[in-house]
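For the protein sequence lines, the chains are A and B, in the order given. Taken in order, the first sequence gives residues 0 to 129; the numbers are from numbering that gives the first Met the number 0. Taken in order, the second sequence gives residues 0 to 129; the numbers are from numbering that gives the first Met the number 0. Structure first, then comments.
There are 2 protein chains.
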Amino acid sequence: MQIGEAARRAGLTVKTVRYYANIGMVTPRQNAVTGYRDYAEGDVAKLQFVGKARKFDFSVEECRELLGLYEDRNRPSREVKALTLKKIDEIDRRLAELQSLKDELSGLASSCDGDNRPDCPILNALSGGG
Amino acid sequence: MQIGEAARRAGLTVKTVRYYANIGMVTPRQNAVTGYRDYAEGDVAKLQFVGKARKFDFSVEECRELLGLYEDRNRPSREVKALTLKKIDEIDRRLAELQSLKDELSGLASSCDGDNRPDCPILNALSGGG
DNA sequence: CTTTACCTTCCCCTTGGGGGAAGGCTTACA
DNA sequence: TGTAAGCCTTCCCCCAAGGGGAAGGTAAAG
Numbered sequence: 000m001q002i003g004e005a006a007r008r009a010g011l012t013v014k015t016v017r018y019y020a021n022i023g024m025v026t027p028r029q030n031a032v033t034g035y036r037d038y039a040e041g042d043v044a045k046l047q048f049v050g051k052a053r054k055f056d057f058s059v060e061e062c063r064e065l066l067g068l069y070e071d072r073n074r075p076s077r078e079v080k081a082l083t084l085k086k087i088d089e090i091d092r093r094l095a096e097l098q099s100l101k102d103e104l105s106g107l108a109s110s111c112d113g114d115n116r117p118d119c120p121i122l123n124a125l126s127g128g129g
Numbered sequence: 000m001q002i003g004e005a006a007r008r009a010g011l012t013v014k015t016v017r018y019y020a021n022i023g024m025v026t027p028r029q030n031a032v033t034g035y036r037d038y039a040e041g042d043v044a045k046l047q048f049v050g051k052a053r054k055f056d057f058s059v060e061e062c063r064e065l066l067g068l069y070e071d072r073n074r075p076s077r078e079v080k081a082l083t084l085k086k087i088d089e090i091d092r093r094l095a096e097l098q099s100l101k102d103e104l105s106g107l108a109s110s111c112d113g114d115n116r117p118d119c120p121i122l123n124a125l126s127g128g129g
């Protein structure tokens, strides 16, 4: 099928699908007559796979790795689990970062009256030496 | 002072300080003899201000806005607080997103043995229709 | 005279595509 | 017959927020 239908079926944009072809992640055959990209069912499955993995915050490079494991019928599940745990770890770190950021900002916001007067503890904190 | 010392004092890299000058965020005078950027004390204060705001996850554009408020001695603190609350809101949304992502990934990871066998619930979930 | 340490501008690189131009193909409709 | 719509292609610039490094100018110090 042509790229438009493949994209529709995978729930991706044509741009994205073309991008995945360009970086060698999901490479369709080429129609010898038209020169158009020609997607098989298996390609659509891969596109869907990548689309989901991206939603799970896996980077394109990690998706490539997962796709390799997905295509290798003999790979140990250990490898996939390791990648997943690593990703969970990253998310944990980012969660902690954001939480402490939020705590600091919340502290600042609650100390500020937010009225019409020019005195603002938030700006004072940002400009103060610390 | 020259850009190197200004950067050091603000805790930023020279690249970053030069970038802020290029986008018109903190614009030093120019030394007429050498053509070098010439930073005053006030400029360093602004650089420190921006540096801190960036650490609080404010975008460069938001920093520009905060800097405008910082320089306006008559602005109401309301505006600063509104910007801060908006940022807290964004952080909250991102926290929720990451948390649900983590929950899903954790569920997948715990259902996977992670051994030498090829059967992997994680890959099954990524490739399954849903 | 040369090294070292500054500074300058300029250009390419990153992530993951989006937007749109310019051009080619086929099918449908007036 | 013309032409408009709807596909497809490649090509290039754009986003954030700078990082890396080249090429070149200048000043102080040995």
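Beta carbons: idealized from backbone N, C-alpha and C, even for Gly.
query: For chain A, is any of its Cβ atoms less than 8 Å away from the one on B:Gln-98?; result: yes
query: Can you name the residues that DSSP bridges to B:Asp-102?; result: Paired residues: none, contrary to the question.
query: Assuming A:Leu-66 and A:Leu-11 make a contact with CB atoms under 8 Å, what is their CB distance in whole Å?; result: Not quite, the Cβ-Cβ distance comes to about 14 Å (not below 8 Å), so this is no contact.
query: Scan the region 73-85 of chain B for residues whose Cβ lies nearer than 9 Å to a Cβ of chain A and list them as they occur along the chain.; result: Asn-73, Arg-74, Pro-75, Ser-76, Arg-77, Glu-78, Val-79, Lys-80, Ala-81, Leu-82, Thr-83 and Leu-84
query: Would you mind telling me which residues of chain A sit closer than 9 Å to B:Asp-112, beta carbon to beta carbon, in chain order?; result: Ser-76, Arg-77 and Lys-80
query: B:Lys-80 and A:Ala-108: beta carbons closer than 8 Å?; result: yes
query: In whole angstroms, give me the CA-to-CA distance for B:Ile-2 and A:Lys-85.; result: 40 Å
query: Closest Cβ-Cβ distance between A:Glu-64 and chain B: below 8 Å?; result: no
query: I'd like to know if A:Asn-115 contacts chain B, where contact means its C-beta is closer than 8 Å to some C-beta of that chain.; result: yes
query: Starting from A:Ile-87, find everything on chain B with Cβ-Cβ shorter than 7 Å and list it in chain order.; result: Lys-101, Leu-104, Ser-105 and Ala-108
query: Spell out the partners DSSP gives B:Asp-37 in its beta bridges.; result: B:Arg-28
query: Run the CB neighbour count on B:Ser-110, radius 10 Å, all protein chains shown included, and call it buried at 16 or more, exposed below.; result: exposed
query: What residues in the region 9-39 of chain A have a beta carbon less than 7 Å from any beta carbon of chain B?; result: none
query: Using a Cβ-Cβ cut-off of 8 Å, state whether A:Asp-42 counts as contacting chain B.; result: no
query: Taking Cβ positions, are B:Ile-87 and A:Ser-105 nearer each other than 8 Å?; result: yes
query: So with Cβ pairs under 8 Å, would you call A:Ala-52 a contact of chain B?; result: yes
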